[in-house]
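Chains as they are written, first to last, in this note's numbering: chain R, 67 to 350; chain E, 28 to 364. C-beta atoms are modelled at their ideal positions from N, C-alpha and C, and glycine is treated no differently.
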C-alpha cells in the first residue's frame, strides 16, 4: 500500500521533472516563505511593527537585526509585516485582472461582431497609456490608499489578459471539437465555458505568474510615490520612501527592498519554469 | 504593407482622442469639488463669487460642453495651469523634457548595449556558468524596484566610496551651461567646457545605469533566444566550415540576423523608460518630466498629472507605431494587417 503510494509519488515527480528545476524550486520556497510569513507573523514577530521600541535610527545590531527607523520602530518586524500588504494586494490585483480580462477577451473572441469591436477598442485605448502613468492618474483620481491603488492596477492590467484570451479563443473556436459541439446543439454559454475556455489557459497562466511579481513591483512603486499605503502602515514601497528621506541610514530601506527583490525574483523563476514546461516552443 | 501603415496612422488620432476622453473623465471624477481648490473657504460662502468663478472656469456648462472646450483647448496647446507651480502645464513639461530625454537616451544606449552583450554571451555559452550568470544578472535588474536599486547604488558609490557624485544633474556649486538644447552634455560641449561635460556625465552614470539595468532582462532574453535560433542555422555551419574566425561568424553572420527582434524589443522597452523616468528621477532629484509627474501627483495637482499622462501616452503610441512599422519593413516575411 505505502509502496504503491511512494511509486505513484515518484512517477508524479518524474512527470514534473522538467518543471521542478532548481530556479523553480527556489522560487516556490521563497513564495512559500513569504506566504507563511504573511499569515503567521503576528505570532512570532520580534517586536510590534507600529510601536517605538528603541532609540531612533539605530544601525543593525543583535537586538534589532535590521536596525530601527526614524521613529525607533524595529525595521525587521516592519519588513516581515510588509508581506501582509504586498502579497494580498498583488494576489487580488492579478486575480481580478485575469478574471475580468479573460472573460471579456473570451466573450470578444467568441461572439465577434460589435461586442468584439467595443471591447477591443476599450483595450486599445487602455493599452495606449504607459502603465505607470495611467496607474498614477487613476490612483490619484480615486484618492490615495492601498485599495484604490489596487483598483488602478486592475484597470491598467485587464486589457493584457483580454488580448491574450481573445487570440486564444479565436484560435480554439476554429478547432474540430467546437464544430462538433455546435453541430450537436450545445448552448452558447456551455460552448464558451466548457469547450473553449478550458483550452485557452496556458498563456494566461504563464503571464499571471510573472505578473504577480510585476504587481508587487507596481504596488510598491505607487506606495513609494505616495499613492498606496499610508504611514504608519509597514508597506515595502512606503518604507523605502522613508529610507530615501533618511538617506544616510541605509538599513531602513534595505529590508523592504530585499524583500521585494526576493518575491519578484521568486515569481519570475516560477513563471520562467512554467513557460518552459507548458510552452515547449520557447524552450531552447 | 502600405495599407497597414495607413490604417495604423489613422488609428493614432482616434486612440489619442480616446486617451484624452479617459483623462477628461478622470479629472472630473476627483473626489471633492474643483471649486474648493480655486476658492478660499470664505469665498465659497459667497454665492456671487462662486457663480463668477464657475463662469470663469466654464464649470456652469454641461459635461459634454466642458468636454468639447477641453478638447478645443488641448488642440490649441492649452493643457491648463498647474495648481502647484501656477504656470501653464505645457511650459512646465517642455522645460523639463531635455533633462528627461538626456537621461533616457543614455539609459537606452547602456541598456541596449549591455542587454545585447549579455544575451549573446548567454546564448554562446548556453547552459554553462556564464549563461546562468548573465541571465541572473539581467533578471535581478528587472526584479528590483528601480527606486531601491538607485538608493542603494547611490549610497555605495556616492556616500561610502565617494567615487561618483550625489543626486542632481550638476554639483550644487556648478553653474548651468548656457542654454542651447537644454541637454547639459550637449550644451557644455557647445560652450567648450570639457570639465563640465565630464561632470554632467558623472552625474548621469548612476541614474542611467539603474534605468538600463531594469531593461536588460527583457532585451537579453530576446537576444539570447533569437541568437540560439540563429546559431543553429545552416549558414553559420557553412561560415564555420569555410574556416571563418569565431568572432567573425558571430559579428558578421549571426548578429545581423538577431538585430530585427532585438530592435523590436528595444522599441517596446519604451514603457520601461517611462517607468524609469518617473521613479529614478525622483530618487536622483533629476529635474525632468518624471520628477514633475511625481511631485504633481503627491500634491494632487490634476492639470499637471493629466498633462503628463496625455503627452506620455502620445509619445508611447508613436514609438510603438514606429517600432511596428520598422519591424514590418525590416522583415519582409512578416505580413501584418
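For the candidate residues the options, whose alpha-carbon lies nearest to that of residue i?
i             : options                       : result
residue 344/R : 76/R, 83/R, 174/R and 68/R    : 83/R
residue 173/R : 311/R, 287/R, 338/R and 258/R : 258/R
residue 415/E : 273/R, 194/R and 272/R        : There is no way to answer for residue 415/E, as the model of chain E reaches only from 28 to 364.
residue 238/R : 268/R, 215/R, 338/R and 212/R : 268/R
residue 257/E : 276/E, 268/E, 242/E and 293/E : 276/E
residue 121/E : 317/E, 299/E, 228/E and 56/E  : 317/E
residue 48/E  : 165/R, 319/R, 191/R and 150/R : 191/R
residue 102/R : 228/R, 225/R and 153/R        : 153/R
residue 319/R : 197/E, 105/E and 171/E        : 171/E
residue 46/E  : 266/E, 204/E, 94/E and 233/E  : 94/E
residue 196/E : 176/E, 229/E, 178/E and 174/E : 229/E
residue 345/E : 36/E, 52/E and 98/E           : 36/E
residue 323/E : 189/R, 218/R, 203/R and 219/R : 203/R
residue 288/E : 350/E, 264/E, 123/E and 319/E : 350/E
residue 338/R : 272/R, 209/R and 161/R        : 272/R
residue 226/R : 264/R, 262/R and 168/R        : 168/R
Run through chain R and tell me which residues come within less than 8 angstroms of residue i, C-beta to C-beta.
i             : result
residue 325/E : 291 and 292
residue 53/E  : 203, 204 and 207
Which chain A residues sit within Cβ distance under 8 angstroms of residue i?
i             : result
residue 286/R : Here the protein chains are R and E, and chain A is not one of them.
Tell me where the alpha helix (DSSP H) around residue i begins and ends.
i             : result
residue 153/R : 141-177
residue 88/E  : Taken as a continuous stretch (DSSP letters only), residue 88/E belongs to no alpha helix (DSSP H), as it is neither H nor E.
residue 243/R : 242-249
residue 322/E : 316-325
residue 234/R : 212-239
residue 276/R : 267-291
residue 123/R : It is not in any alpha helix (DSSP H) - residue 123/R carries neither H nor E in the DSSP assignment.
residue 308/E : 297-310
residue 82/R  : Segment: none, residue 82/R is in no alpha helix (DSSP H) and carries neither H nor E.
residue 130/R : Residue 130/R -> no alpha helix (DSSP H), and no H or E assigned at all.
residue 39/E  : 29-55
residue 328/R : 317-344
Under 9 angstroms Cβ-Cβ, which residues of chain E neighbour residue i?
i             : result
residue 326/R : 170, 171, 172 and 175
residue 273/R : Correct list: empty, because the minimum Cβ distance to chain E is about 14 angstroms.
Which residues in chain E sit within 8 angstroms of residue i, going by Cβ to Cβ distance?
i             : result
residue 156/R : Correct list: empty, because the minimum Cβ distance to chain E is about 13 angstroms.
residue 331/R : 166, 167 and 170
residue 194/R : 42, 43, 45, 46, 340, 343 and 344
residue 73/R  : Those within 8 angstroms of residue 73/R in chain E number zero; the least Cβ separation is about 31 angstroms.
residue 279/R : 170
Since residue i meets chain R, which of its residues come closer than 9 angstroms, beta carbon to beta carbon?
i             : result
residue 36/E  : Neighbours of residue 36/E on chain R: none; closest Cβ ~15 angstroms, over 9 angstroms.
residue 336/E : 195, 196, 199, 200, 202 and 203
residue 178/E : 306, 309, 310, 313, 316, 319 and 323
residue 130/E : Ordered by position in chain R, no residue passes the 9 angstroms Cβ test against residue 130/E, which lies about 16 angstroms from the chain.
Along chain E, in chain order, which residues have C-beta atoms closer than 7 angstroms to that of residue i?
i             : result
residue 198/R : 301, 302 and 305
residue 190/R : 42
residue 283/R : 172
residue 171/R : The contacting residues do not exist; residue 171/R stays about 19 angstroms from chain E at best.
Who are the neighbours of residue i on chain R, taking C-beta pairs under 7 angstroms?
i             : result
residue 186/E : 314
residue 56/E  : 207
Should the segment 88-95 of chain R be regarded as contacting the segment 110-129 of chain R, the criterion being three or more beta carbon pairs within less than 8 angstroms? Three or more Cβ pairs closer than 8 angstroms define a contact, and the segment 88-95 of chain R falls short of that threshold against the segment 110-129 of chain R.
Per the contact definition of three or more C-beta pairs closer than 8 angstroms, is the segment 93-110 of chain R in contact with the segment 123-140 of chain R? Flag = no, the segment 123-140 of chain R and the segment 93-110 of chain R do not touch.
Near-chain E residues of the segment 202-235 of chain R - C-beta to any C-beta below 7 angstroms: Residues of the segment 202-235 of chain R with a C-beta atom less than 7 angstroms from some C-beta of chain E are 202, 203, 204, 206, 207 and 209, listed in chain order.
Does the count of Cβ pairs from the segment 240-251 of chain E and the segment 137-151 of chain E closer than 8 angstroms reach three? In short, these stretches touch, since the Cβ pair count reaches three.
For the segment 297-306 of chain R against the segment 144-153 of chain R, are there 3 or more C-beta pairs whose distance is under 8 angstroms? Segments in contact, yes.
Do the segment 332-345 of chain E and the segment 281-292 of chain E make contact, defined as three or more Cβ pairs closer than 8 angstroms? Short answer: they don't touch.
Spell out a yes or no on whether the segment 129-141 of chain E and the segment 231-245 of chain E are touching, meaning 3 or more CB-CB pairs, one atom from each, closer than 8 angstroms. They touch, by the three-pair rule.
Along the segment 294-322 of chain R, what residues have a CB closer than 9 angstroms to any CB found in chain E? Correct list: 302, 303, 306, 307, 309, 310, 313, 314, 316, 319, 320 and 322.
If contact is defined by three or more beta carbon pairs under 8 angstroms, each pair taking one atom from either stretch, is the segment 106-114 of chain E in contact with the segment 211-223 of chain E? Flag = no, the segment 211-223 of chain E and the segment 106-114 of chain E do not touch.
Interface residues of the segment 277-297 of chain E facing chain R [CB-CB below 9 angstroms]: So the list reads 297, given in the order they occur along the chain.
With three or more C-beta pairs closer than 8 angstroms as the rule, is the segment 167-187 of chain R touching the segment 224-235 of chain R? Because the criterion of three Cβ pairs below 8 angstroms is met, the segment 224-235 of chain R and the segment 167-187 of chain R touch.
Does the count of Cβ pairs from the segment 329-341 of chain R and the segment 96-110 of chain R closer than 8 angstroms reach three? Taking a contact to require three or more Cβ pairs closer than 8 angstroms, the segment 329-341 of chain R and the segment 96-110 of chain R qualify as touching.
By the 9 angstroms beta-carbon criterion, what residues does the segment 96-120 of chain E contribute toward chain R? The segment 96-120 of chain E vs chain R, Cβ under 9 angstroms: nothing.
Quick check: the segment 176-183 of chain R against the segment 297-317 of chain E, are there 3 or more CB pairs under 8 angstroms? Under the Cβ criterion (8 angstroms, minimum of three pairs), the segment 176-183 of chain R does not count as touching the segment 297-317 of chain E.
Closer than 8 angstroms is the cut-off here; do at least three beta carbon pairs connect the segment 156-173 of chain E with the segment 189-208 of chain E? Using a C-beta cut-off of 8 angstroms, the segment 156-173 of chain E makes no contact with the segment 189-208 of chain E, since fewer than three inter-stretch Cβ pairs fall below that distance.
Does the contact criterion of 3 or more C-beta pairs under 8 angstroms hold for the segment 257-275 of chain E versus the segment 175-190 of chain E? Touching, no.
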